[in-house]
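There are 2 protein chains.
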Amino acid sequence: MKKIVIEEQDINALQDTIYVIGGKWKLPIIYSICNGNKRFMDIERSIPGLTTRMLARNLKELEDNKLISRIMNADIGVAEYEFTEYAKEYGTLIMNLIAWGKKHRAMIIESLR
Amino acid sequence: MKKIVIEEQDINALQDTIYVIGGKWKLPIIYSICNGNKRFMDIERSIPGLTTRMLARNLKELEDNKLISRIMNADIGVAEYEFTEYAKEYGTLIMNLIAWGKKHRAMIIESLR
DNA sequence: CGGTATCCTCTCTGATACTG
DNA sequence: CAGTATCAGAGAGGATACCG
Numbered sequence: 000m001k002k003i004v005i006e007e008q009d010i011n012a013l014q015d016t017i018y019v020i021g022g023k024w025k026l027p028i029i030y031s032i033c034n035g036n037k038r039f040m041d042i043e044r045s046i047p048g049l050t051t052r053m054l055a056r057n058l059k060e061l062e063d064n065k066l067i068s069r070i071m072n073a074d075i076g077v078a079e080y081e082f083t084e085y086a087k088e089y090g091t092l093i094m095n096l097i098a099w100g101k102k103h104r105a106m107i108i109e110s111l112r
Numbered sequence: 000m001k002k003i004v005i006e007e008q009d010i011n012a013l014q015d016t017i018y019v020i021g022g023k024w025k026l027p028i029i030y031s032i033c034n035g036n037k038r039f040m041d042i043e044r045s046i047p048g049l050t051t052r053m054l055a056r057n058l059k060e061l062e063d064n065k066l067i068s069r070i071m072n073a074d075i076g077v078a079e080y081e082f083t084e085y086a087k088e089y090g091t092l093i094m095n096l097i098a099w100g101k102k103h104r105a106m107i108i109e110s111l112r
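Protein chains in written order, with numbering that gives the first Met the number 0: chain A, 0 to 112; chain F, 0 to 112.
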């Protein structure tokens, strides 16, 4: 039986982590950019139900957290969004979260049978 | 340069994960139980600003997700909450999230200087 | 095209009182 | 002690119109 020991400051770090990728649209947006969408319009159209207001807000938050970068291409007059190298370093962590989510869902479903 | 590849169903798993430990009070509550608090009153008093309503609701959600278990001790007339073995299996993941949160915070602070 | 501004709704949260 | 019930406020999110 393992023992969990967490310090108070860790809780703050953990809440920060969750906040950065939390909310209704952050992950769908990340997913969309993963799939090659770079422009505002492309991202917006790739996510059903997402409004321009929420997209603008969430892109700004992700940018503030250095997970994506906004590059204004003056030549062609459009902005492009892409992942930062910083974001890419955390692919493994994301994968761990995904793996946990899948196991968790399976466990909950099993427990309801 | 690493490439991130995420499937659509992964996004759902990820949102589930975040939902389970998201919100304002889940992590402080987990932290409190970590520190040996087992009874409703003890947990409530250990977290400034937490109301009985939110504690009751969050304990129920954590219980629904099998992360904690509620044990009614009829002999002494009190309920006790404790982590499930299931929750303990994911200590490593929690630690990874904490580590990420700390590095992330340091990076953001550094970028603002 | 790539956003802002405005208004509205709805959920989450807070304060407080009450109960077995 | 361990909650539940009720009401009210704040903030996230949605619909739509407008702007450089």
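Note that CB positions come from ideal geometry on N, CA and C, so glycine has one too.
Query: Any chain F beta carbon closer than 8 Å to Y89 (chain A); Result: yes
Query: For L13 (chain A), the nearest candidate out of F:I93, F:E43, F:D15 (CA to CA); Result: F:I93
Query: Member of A:R52, A:G90, A:N11 whose CA lies at the smallest distance from the CA of I5 (chain F); Result: A:G90
Query: Closest residue to K23 (chain A) among A:A73, A:I10, A:L54, A:N11 (Cα-Cα distance); Result: A:L54
Query: Burial state of G35 (chain F) (16 or more Cβ within 10 Å); Result: exposed
Query: Minimum Cβ-Cβ distance from Y30 (chain A) to chain F less than 8 Å; Result: yes
Query: Test item: CB-CB of P27 (chain A) and I17 (chain F) under 8 Å; Result: no
Query: Candidates F:T50, F:L66, F:E79, F:E43: closest to K87 (chain F) by CA position; Result: F:L66
Query: Beta-carbon spacing of Y30 (chain F), E7 (chain A) below 8 Å; Result: yes
Query: Any chain A beta carbon closer than 8 Å to P27 (chain F); Result: yes
Query: Bridge-paired residues (DSSP) for E79 (chain F); Result: F:I70
Query: Within-8 Å CB hit, A12 (chain F) to chain A; Result: yes
Query: Residues that M106 (chain A) contacts on chain F, provided the C-beta gap is smaller than 8 Å; Result: K65, Y85
Query: Residue span of the alpha helix (DSSP H) that contains P27 (chain A), given as start and end; Result: 25-33
Query: Start-to-end residues for the alpha helix (DSSP H) that takes in T16 (chain F); Result: 7-20
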